[in-house]
Amino acid sequence: MTPTMGERFPTKGGRVAAAACFAFLALVLAFAECAASEPPAGASAQDEMTRQLEMEIPVGETRIVPLTGVIRAAVGDPSIVDIAVIGPDLILANAKAPGKTSLHLWTDSGVEFVTVTSYLDLTAAIEQATELIGIGTVRLTSVGSSVILEGSVDSQEQRDRAHKIASAFFEDVVDLVSVPGGEEPTVSAATEEGTSLASGGGTESSELPGATTGVARRARSIFEENLGGVPKIKVADALDSLLSEERVDSRFFGEKLVIEGQVEDQNAKERLDTLVSECWEDAVTIVDVSDPLQVLIRALIVEVDRSDLAQIGITGGTWDPSIGDVLPWTVVLQNVVADIWSPMAGRFPAARLRALERDGSIRILAAPSLLTVSGGEASFLAGGEIPIYLGVSDGRVVFEWREYGVLLHVKATVDRLGLISLDIEPEVTEIDPDRGLRVGDYVIPAFTARRVKTSVVVHDGQTIAIGGLLSTKVTKIVEKLPVLADLPIIGALFQSTSFQKGQTELIVLITPEIVRASESADPGSLIAPDMEDIPASLR
Numbered sequence: 154m155t156p157t158m159g160e161r162f163p164t165k166g167g168r169v170a171a172a173a174c175f176a177f178l179a180l181v182l183a184f185a186e187c188a189a190s191e192p193p194a195g196a197s198a199q200d201e202m203t204r205q206l207e208m209e210i211p212v213g214e215t216r217i218v219p220l221t222g223v224i225r226a227a228v229g230d231p232s233i234v235d236i237a238v239i240g241p242d243l244i245l246a247n248a249k250a251p252g253k254t255s256l257h258l259w260t261d262s263g264v265e266f267v268t269v270t271s272y273l274d275l276t277a278a279i280e281q282a283t284e285l286i287g288i289g290t291v292r293l294t295s296v297g298s299s300v301i302l303e304g305s306v307d308s309q310e311q312r313d314r315a316h317k318i319a320s321a322f323f324e325d326v327v328d329l330v331s332v333p334g335g336e337e338p339t340v341s342a343a344t345e346e347g348t349s350l351a352s353g354g355g356t357e358s359s360e361l362p363g364a365t366t367g368v369a370r371r372a373r374s375i376f377e378e379n380l381g382g383v384p385k386i387k388v389a390d391a392l393d394s395l396l397s398e399e400r401v402d403s404r405f406f407g408e409k410l411v412i413e414g415q416v417e418d419q420n421a422k423e424r425l426d427t428l429v430s431e432c433w434e435d436a437v438t439i440v441d442v443s444d445p446l447q448v449l450i451r452a453l454i455v456e457v458d459r460s461d462l463a464q465i466g467i468t469g470g471t472w473d474p475s476i477g478d479v480l481p482w483t484v485v486l487q488n489v490v491a492d493i494w495s496p497m498a499g500r501f502p503a504a505r506l507r508a509l510e511r512d513g514s515i516r517i518l519a520a521p522s523l524l525t526v527s528g529g530e531a532s533f534l535a536g537g538e539i540p541i542y543l544g545v546s547d548g549r550v551v552f553e554w555r556e557y558g559v560l561l562h563v564k565a566t567v568d569r570l571g572l573i574s575l576d577i578e579p580e581v582t583e584i585d586p587d588r589g590l591r592v593g594d595y596v597i598p599a600f601t602a603r604r605v606k607t608s609v610v611v612h613d614g615q616t617i618a619i620g621g622l623l624s625t626k627v628t629k630i631v632e633k634l635p636v637l638a639d640l641p642i643i644g645a646l647f648q649s650t651s652f653q654k655g656q657t658e659l660i661v662l663i664t665p666e667i668v669r670a671s672e673s674a675d676p677g678s679l680i681a682p683d684m685e686d687i688p689a690s691l692r
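So the sequence shown is numbered by the working numbering: it starts at 154 and just counts up by one.
Encoded structure:
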């Protein structure tokens, strides 16, 4: 079939439609080529989103975020940085703690990311601490939230002082200060560049006016009256008006109240610490004790046959029929038999003791002399240590060392009235081979112990006696005729058996004496002259 003219050649309308199709196809191809050669608009926005801003803010300060047109904002860790949207063109970021976090900000042009680093600005505090330390060879350097204290000083006292000052300003202090070897030079008071606000006047006495509680109450009232808008110098003057220590100063370094100087003894320092703590919560106290109080403790631990107890002039205790023993007792001796114990002089008449020891009436277990600072503890051990089998761990035998013998623990504190408070804990421990426990190839020994713990308050040179710690031993005595007593059946007729019961009592006699550091003598003088011939192992 032959096509007609209209079928072989399109009409004018058909040609227009075909041209439009070709034009649309060309436009699509051109757009694709352009897209291949140029980045799309979406890619440009993505690049903009990945370009992050960075900010650094000291802890406790606020900065403005340099962005405008903010619609919405979010923070990654609000415990580090908190934000406040004041308006679309004003965003505030407040640094709360050291660390790093990110801000997400939605603006008209997309989403912005801001990395915020919060850090501690220790510059001002380091300057103040360095000024207060006042030693040119000591420097402070901050590393993150830590502070490194480094350099060299002439003595351990200077190092301790520098460390204490640095610790008052910063929580994490790494102490790298070195003290050169050799003889320590005389330490003079360091010169601070800070201005001394006031110096405590008054006499050389270490007494503060009134009782401690009264002084603290007065200090609190003065501070409550003066803290309302009054300059800090008034606060320091109020504190100094309560101090009668001639060598104690108070001053401010920034926000830190610093109390520095020297007092006579521990009692004065304790009163000063109480006063300062009542007056100022965040105070730095750097006060040395010029003449520390010490306590010389002369002790005598003896084991006495109960029947001969009266020979040493001590009787005490309470009889309890239900128990059948004498309960432990403590007696403060006022008029002890003079020839056995002299509380006024603190002497032990060795001649009388040796006579009783030769007679078998007493046995001297220990006679130590201990010297300790007021408020400190002193310990004594005359005996040894024995290994105790605990078991096997990881194929190894585990032991624990246990002390035995005569042990004495004493804590002595001198109050401002001159009374001596004693915490006394004597103990006598002996190995009991008859009650040991066998575990495999090992024997765990048993111990018999006599111990007591008591607290008393006595005057200087007064003696206390602790007793009532009994030990009962039963001895079996067999008397027999030779040969005949060994015959079977009838041998019992030629022998007699008796039991002898003996009781001994542990007596602890203690005399404390106050000794100032300026009066301390050589260690040999701590031994009473009439006790020098007692074996050194008992002293």
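Glycine included, each C-beta is placed from N, C-alpha and C at the ideal position.
Q. Whose C-alpha, out of 568, 538, 550 and 456, is nearest the C-alpha of residue 584?
A. In the sequence shown, residue 584 corresponds to position 431, counting from 1. Nearest option by C-alpha distance: 538.
**Q.** Buried or exposed by the 16-neighbour rule on C-beta atoms within 10 Å, applied to residue 325
**A.** Walking along the sequence shown from the start, residue 325 turns up at place 172. Exposed.
Q: Count the other C-beta atoms from every protein chain shown that fall within 10 angstroms of the C-beta of residue 233, then say buried if there are 16 or more, exposed otherwise.
A: By one-based count along the sequence shown, residue 233 stands at place 80. It counts as buried.
Q. So residue 582 packs on residue 574, CB below 8 Å; how close in whole Å?
A. Here residue 582 refers to the residue found at position 429 of the sequence shown. Here residue 574 refers to the residue found at position 421 of the sequence shown. Incorrect: roughly 26 Å between the Cβ atoms, too far for contact.
(Q) Using a Cβ distance threshold of 8 Å, determine whether the stretch 534-551 contacts the stretch 433-451, with at least three qualifying pairs required. (A) no
Q: Starting from the Cα of residue 529, find the closest Cα among 282, 249 and 447 and give me that residue.
A: For the purposes of this step, residue 529 is taken as the residue at position 376 of the sequence shown. Ranking 282, 249 and 447 by Cα distance to residue 529 puts 447 first.
Q) Taking the beta strand (DSSP E) that residue 747 falls in, what are its first and last residues? A) Past the edges of the chain, shown from 154 to 692, lies residue 747, and the structure says nothing about it.
**Q.** Per-residue DSSP class, three states only, for residue 511
**A.** For the purposes of this step, residue 511 is identified with residue 358 of the sequence shown, where counting begins at 1. Looking at residue 511 - three-state DSSP - the assignment turns out to be helix.
**Q.** Segment contact flag, the stretch 235-243 with the stretch 206-214, C-beta cutoff 8 Å, min 3 pairs
**A.** no
Q) With respect to the alpha helix (DSSP H) encompassing residue 281, which residues constitute its N-terminal and C-terminal limits? A) Taking the first residue of the sequence shown as position 1, residue 281 is located at position 128. Counting along the chain, the alpha helix (DSSP H) containing residue 281 begins and ends at 276-286.
Q | 8 Å contact criterion, which residue 619 and residue 579 should meet: CB distance rounded | A | What you label residue 619 is simply residue 466 of the sequence shown in a count that begins at 1. What you label residue 579 is simply residue 426 of the sequence shown in a count that begins at 1. Yes, they are in contact, since the Cβ atoms of residue 619 and residue 579 sit about 7 Å apart, within 8 Å.
(Q) Tell me which residue opens and which closes the alpha helix (DSSP H) that residue 321 is part of. (A) For the purposes of this step, residue 321 is taken as residue 168 along the sequence shown, with counting starting at 1. First-last of the alpha helix (DSSP H) with residue 321: 309-322.
Q. What three-state label does DSSP hand residue 594 in the structure shown?
A. Here residue 594 refers to the residue found at position 441 when the sequence shown is read from its first residue. DSSP places residue 594 in coil when its eight states are reduced to three.
Q. In whole angstroms, what is the alpha-carbon distance linking residue 544 and residue 552?
A. Here residue 544 corresponds to residue number 391 of the sequence shown, with the count starting at 1. Here residue 552 corresponds to residue number 399 of the sequence shown, with the count starting at 1. So the alpha carbons of these two residues sit roughly 7 Å apart.
Q: Output yes or no for whether 8 Å exceeds the beta carbon distance between residue 254 and residue 228.
A: Along the sequence shown, read from residue 1 onward, the residue named residue 254 stands at position 101. Along the sequence shown, read from residue 1 onward, the residue named residue 228 stands at position 75. Yes, the Cβ-Cβ distance between residue 254 and residue 228 is below 8 Å.
Q) Quick one: what does DSSP say residue 404 is sitting in, helix, strand or coil? A) Locating residue 404 in the sequence shown gives position 251, counting from the first residue. Three-state DSSP puts residue 404 in a strand.
(Q) So, does the stretch 215-225 touch the stretch 243-258, judging by three or more C-beta pairs under 8 Å? (A) yes
Q. CB-CB under 6 Å to residue 409, same chain, minus the five flanking residues each way: which ones, in chain order?
A. Working through the sequence shown from its first residue, we reach residue 409 at position 256. 437.
Q: Could you tell me which residues DSSP puts in a beta bridge with residue 247?
A: What you label residue 247 is simply residue 94 of the sequence shown in a count that begins at 1. Looking at the DSSP assignment, residue 247 forms a beta bridge with 215 and 235.
Q: Might you give, ordered along the chain, the residues of its own chain that have their beta carbon closer than 8 Å to the beta carbon of residue 230, omitting 5 neighbours on each side?
A: Indexing the sequence shown from 1 puts residue 230 at position 77. Cβ neighbours of residue 230 beyond the five flanking positions: 252 and 254.
Q. According to the neighbour-count rule (16 or more other Cβ atoms, all chains shown, within 10 Å of its Cβ), is residue 435 buried or exposed?
A. In the sequence shown, residue 435 corresponds to position 282, counting from 1. Exposed: under 16 other Cβ atoms inside 10 Å.
Q: Compute the Euclidean distance between the alpha carbons of residue 347 and residue 525, then round it to the nearest angstrom.
A: Here residue 347 corresponds to residue number 194 of the sequence shown, with the count starting at 1. Here residue 525 corresponds to residue number 372 of the sequence shown, with the count starting at 1. In this predicted model, residue 347 has a pLDDT of only 33, less than 50, meaning its place in the structure is not dependable; the value taken from the coordinates is given anyway. Roughly 38 Å between the two C-alpha positions.
Q. So what does DSSP say about residue 613, is it helix, strand or coil?
A. The count along the sequence shown starts at 1 and reaches residue 613 at position 460. Three-state DSSP puts residue 613 in coil, outside helix and strand.
**Q.** C-alpha gap between residue 203 and residue 327, whole angstroms
**A.** As a first step, residue 203 must be located in the sequence shown, where it is residue number 50. As a first step, residue 327 must be located in the sequence shown, where it is residue number 174. Caution is warranted here: a pLDDT of 46 is assigned to residue 203, below 50, making its placement in the model unreliable, and the coordinate value is therefore given only provisionally. The alpha-carbon atoms of residue 203 and residue 327 are separated by roughly 40 Å.
Q) What number of angstroms, rounded off, separates the C-alpha of residue 641 from the C-alpha of residue 591? A) Taking the first residue of the sequence shown as position 1, residue 641 is located at position 488. Taking the first residue of the sequence shown as position 1, residue 591 is located at position 438. Their backbone Cα atoms lie some 35 Å apart in a straight line.
Q) Can residue 283 and residue 246 be called in contact, C-beta distance under 8 Å? A) Within the sequence shown, the letter at position 130 stands for residue 283. Within the sequence shown, the letter at position 93 stands for residue 246. Cβ atoms of residue 283 and residue 246: not closer than 8 Å.
Q) How should residue 418 be labelled, buried or exposed, when 16 other C-beta atoms within 10 angstroms of its C-beta is the threshold for buried? A) For the purposes of this step, residue 418 is taken as residue 265 along the sequence shown, with counting starting at 1. By the 10 Å Cβ count, residue 418 comes out buried.
(Q) If you reduce the DSSP assignment to three classes, tell me which class residue 429 lands in. (A) On the sequence shown, position 276 is the one that residue 429 refers to. Three-state result, residue 429: helix.
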